[in-house]
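In full-length UniProt numbering, the protein residues as written are 1 to 152.
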Amino acid sequence: MSKLLVVGAYRSVPRATCSHTRAAWTIANVRSLSTSKKEFLCLMPDQPNVSELRKRVKGAHYEGIKPLIASGRLVAGGAMVETHPAKDTAPAFKGSAVVYTGESAEEVGEIIRNDVYATSGVWDLEKTQIIPVCFSFRMEDDATADLNPTIA
C-alpha cells in the first residue's frame with residue numbers, strides 16, 4: 001500500500017485556513033522531499049529486434065544496478081512497453097525508463113553508457129533522453145526496492 005509522504009501535514013496549518021490554501025501549503029512543503037542531488041528521468045529505447053539479447057543479459061543488468069540502487073543513484077526504473085500486458089501475457093518491451101540521481105546529465109550519461117544493456121547493444125544510445133526533473137511529491141511504497149525479473 002502506498003501513502004503520500006507529507007512533511008508537516010495539514011495539522012500544522014491553522015484550521016481557519018481554507019482547504020485550497022492548505023493543499024497549496026502542503027504541496028510547497030512536500031517539495032522539500034526531493035533529494036539534494038539532481039534527478040534525471042532517462043528514457044532508453046531498445047534497438048530493433050533485441051528481445052532475445054535483452055533476455056540473455058538481463059541477469060547481468062540486475063547485478064549491475066544493485067549498487068546503484070543501494071547508493072541511491074537509481075531511484076526508480078523499469079521497462080517501457082508497447083501497452084500494459086494482459087494478465088499472464090509477456091509485455092512487448094520498447095526500452096527502459098529510469099530516474100537516476102547525479103550532479104549532471106553527463107554523469108548520468110556515463111552510468112547509462114556503462115550499463116550492460118548499453119554495452120551489449122540492447123539500448124539505442126543515440127535515441128536516449130536524459131531529462132532533468134524536479135519532482136513535487138513522492139509516494140512511499142511499503143515494499144522495498146525488489147527487482148522484478150519477470151517484468152524488466
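Glycine included, C-beta positions come from ideal geometry on N, C-alpha and C.
Legend entry - Own chain partners of A118 with C-beta closer than 7 Å, once the 5 adjacent residues on each side are dropped: In the sequence shown, the residue the question calls residue 118 occupies position 118. Closer than 7 Å at the Cβ level, and outside the excluded window around A118, lie I112, L125.
Inset, instruction - Flag R138 as yes if its beta-carbon sits less than 7 Å from any beta-carbon of chain D, otherwise no. - result: Among the chains in the structure shown there is no chain D, since it carries only a single protein chain.
Inset, instruction - Could you check the C-alpha separation between V99 and A70 for me, to the nearest Å? - result: As a position in the sequence shown, residue 99 is number 99, starting the count at 1. As a position in the sequence shown, residue 70 is number 70, starting the count at 1. Their backbone Cα atoms lie some 14 Å apart in a straight line.
Inset, instruction - For the alpha helix (DSSP H) holding S51, just list the boundary residues, first then last. - result: For this step, residue 51 is matched to residue 51 along the sequence shown. Boundaries of the alpha helix (DSSP H) around S51: 51-71.
Legend entry - Sequence-distant residues of the same chain with beta carbon closer than 6 Å to A60, five excluded per side: Here the question's residue 60 lines up with position 60 in the sequence shown. Listed in chain order, the non-local C-beta contacts of A60 below 6 Å within the same chain comprise V116, local neighbours out to five positions each way being set aside.
Inset, instruction - Could you check the C-alpha separation between E140 and V122 for me, to the nearest Å? - result: Along the sequence shown, one-based indexing puts residue 140 at 140. Along the sequence shown, one-based indexing puts residue 122 at 122. Going by the C-alpha atoms only, they are around 31 Å apart.
Inset, instruction - Spatial neighbours of L74 within its chain, please: CB distance less than 7 Å, with the 5 preceding and 5 following residues excluded, ordered by chain position. - result: Here residue 74 corresponds to residue number 74 of the sequence shown, with the count starting at 1. Within the same chain, L74 has close Cβ partners I65, L68, V98, Y100.
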